[in-house]
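If you count the sequence shown from 1, position 273 lands on 272 in numbering that gives the first Met the number 0, and the numbers rise without skipping.
The beta carbon of each residue, even a glycine, is placed where N, CA and C say it ideally should be.
Take a look at the structure set out below.
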Amino acid sequence: MPTSPDRPVPDPPPAPDAAAVRPTFARVDLDAVRANYAAVVRHVSGPRTPLVIAVVKANAYGHGAVPVARALEQAGAAMLACADIEEAVTLRDGGIRAPILVFGALGISDLDGVFTHGLTPTVSSPFAARALSDAAARRGVTVTCHLKIDTGMNRLGFRFDNLDRTMQDVLGRPRLEIAAAYTHFATADDPAHPLFERQRERFYESLSRLAAMGIRPPLRHAANSAALLRDRNTWYDAVRPGLLLYGLVPPGVAASIPLAAAMTMRSRVVAVKGMRVGETTGYGARAPVDRPATIAVVPAGYADGLDVRMAGRGSVLVRGRRAPVVGAVSMDSITIDVTGLDVTPGDEVVLVGEQSGRRIGAGEIAAELGTVPHEVLCRTGSRIVRTYAGGADPARESAP
Ligand SMILES: *Cc1c(COP(=O)(O)O)cnc(C)c1O
0 MPTSPDRPVP DPPPAPDAAA VRPTFARVDL DAVRANYAAV VRHVSGPRTP LVIAVVKANA
60 YGHGAVPVAR ALEQAGAAML ACADIEEAVT LRDGGIRAPI LVFGALGISD LDGVFTHGLT
120 PTVSSPFAAR ALSDAAARRG VTVTCHLKID TGMNRLGFRF DNLDRTMQDV LGRPRLEIAA
180 AYTHFATADD PAHPLFERQR ERFYESLSRL AAMGIRPPLR HAANSAALLR DRNTWYDAVR
240 PGLLLYGLVP PGVAASIPLA AAMTMRSRVV AVKGMRVGET TGYGARAPVD RPATIAVVPA
300 GYADGLDVRM AGRGSVLVRG RRAPVVGAVS MDSITIDVTG LDVTPGDEVV LVGEQSGRRI
360 GAGEIAAELG TVPHEVLCRT GSRIVRTYAG GADPARESAP
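The structure is reproduced here in structure tokens:
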């Protein structure tokens, strides 16, 4: 429709405020991420302060890889780490300049990214050593890499008890510059498990074996969050925290440093209704109510990352009180019992975070569900818009 001359041309519509478009959204506090990073640095500071390799795999544990990596880079992180080459390329495309260690196994087809994006790959098998060395030779360059030693996780890495043989494959490859040797603990968050000590000893012995073969990498590293809190003998030249940067202490380990949770997730009540005795809500028609109840519908479901096991177990905050999740968790919604709480549509619901002094943390949710906080954070769905506070550049990452 043409604009009539006597009416002012309307302003272009404001850029959509995603948080206003969808009631369920996440807020990530980059100041908290930076403060957590600083707390880790303080904790490991001493006569031989190790470097901190900041782990931002899995979209920075669900927090949004690029804004978080940028905040960590600003905070001084010497190196970032992620799971695969594709994740690392996303970081480079987002302007991240810091060295990026790629933890995962190297495929055959994706090796280009190592060279085109200046990444630091992990070599964890003779096969990977050969593939990487051949790719470097084709380009006429050498490539800096980290060697991974398997000391008992039995996942990726050169077996600790077979290095004499497997290292021959690495030694004969001058295109590989080995900047580090590392290992990863399987049970660092379980103080009662004997494998942790065994892995620590095996790594120590592996480093001697490597040295005897002439492999003396300038960096040695082993500690994830749990290990670095638990045992300073695991610090070596670098530590690799993930969880701590997001404000979480691994379950099973005492919290000895001050941390702030970096992510909150909120929504709003979209409907309130009554239920009579014996009625049920949601799929499966389970758990009939034994008294007249008031329930509220919250537009966040398993597609947003909520766990179906929250049904009858989890709770949320509304009007400053805890309201239990009742009925099944649906794809797009949950129902909560708000009997007696005077809830109306539009009221704020906190899924993860604080309201009126009460809080629900990812650690608590993980304990309720019988999982680890990592999983709870990583689940945050792709359609959840992350908004950022505390960024020098308040980037807004919208999901499609
Ligand atoms: C994920 C990961 C870490 C970080 O673990 P957190 O428990 O989150 O601190 C460190 N090292 C490796 C190899 C990892 O895969």
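- Close to ligand 1, as judged by a C-beta nearer than 5 Å to any of its heavy atoms, are the residues V54, F102, H183, N223, S224, R239, P240, G241, L242, in chain order.
- The shortest CA-to-CA distance from E278 to any of A34, P287, T121, V169 is the one to P287.
- The residue among M166, D168, G356, L194 with its C-alpha nearest the C-alpha of N153 is L194.
- Boundaries of the alpha helix (DSSP H) around M166: 162-170.
- For the set S123, I148, L162, A237, the Cα lying nearest the Cα of A222 is the one of A237.
- Under the three-state reduction of DSSP, G283 is assigned to helix.
- Counting C-beta pairs closer than 8 Å gives three or more between the region 96-116 and the region 130-148, which meets the contact rule.
- For V325, DSSP records a beta bridge to T334.
- Between V315 and V324 the beta-carbon gap is near 7 Å, inside 8 Å, which marks them as a contact.
- For S123, the three-state secondary structure derived from DSSP is coil.
- Comparing alpha-carbon positions, the option among D149, H145, V65, L209 lying closest to A178 turns out to be H145.
- Contact between the region 197-215 and the region 238-257 is not established, with fewer than three Cβ pairs separated by less than 8 Å.
- Contact check between the region 56-73 and the region 82-98: three or more CB pairs, one atom from each, fall below 8 Å, which counts as touching.
- The beta carbon of G345 sits closer than 7 Å to the beta carbons of R267, V268 from its chain, once the five residues preceding and following it are set aside; these are given in chain order.
- Per DSSP, L350 is one residue of the beta strand (DSSP E) stretching across 347-354.
- Between the region 44-64 and the region 289-302, the count of Cβ pairs shorter than 8 Å is below three; the stretches do not touch.
- Three or more beta-carbon pairs separated by less than 8 Å link the region 77-90 to the region 39-58, which places the two stretches in contact.
- Nearest in C-alpha terms to G356, of all of V317, M274, E176, is V317.
- For V371, there is no enclosing beta strand (DSSP E), as DSSP marks it with neither H nor E.
- DSSP, reduced to helix, strand and coil, places Y387 within a strand of the structure shown.
- The three-state reading of DSSP puts A104 in coil, since its state is none of H, G, I, E or B.
- Annotation: L243 to D188 spans about 13 Å, alpha carbon to alpha carbon.
- Comparing C-alpha distances from L155 to each of T141, Y181, D168, R138 shows the shortest one belongs to Y181.
- About 3 Å separates the beta carbons of G281 and G326, which is inside the 8 Å limit, making them a contact pair.
- Using a 10 angstroms sphere on the CB of K272, the tally of other CB atoms stays under 16, which defines it as exposed.
- A contact between stretches requires three or more CB pairs, one per stretch, nearer than 8 Å, and the region 253-266 meets this requirement with the region 21-38.
- The alpha-carbon separation between A34 and T48 amounts to approximately 18 Å.
- For V271, the enclosing beta strand (DSSP E) stretches over residues 270-274.
- DSSP places H183 in the coil class of the three-state scheme, outside both helix and strand.
- Judged by DSSP in its simplified three-state form, D28 adopts strand.
- Non-local beta-carbon contacts of R197 in its own chain, meaning distances under 8 Å to residues more than five positions away in sequence, involve T150, G151 in chain order.
- Shown here, T233 sits in a helix according to DSSP, grouped into three states.
- The bridge partners DSSP lists for M152 come to none.
- A residue is called buried once 16 or more other Cβ atoms fall within 10 Å of its Cβ, and A322 is buried on that count.
- According to DSSP, R267 shares a beta bridge with E347.
- Look at M262 here: in three-state DSSP terms it is strand.
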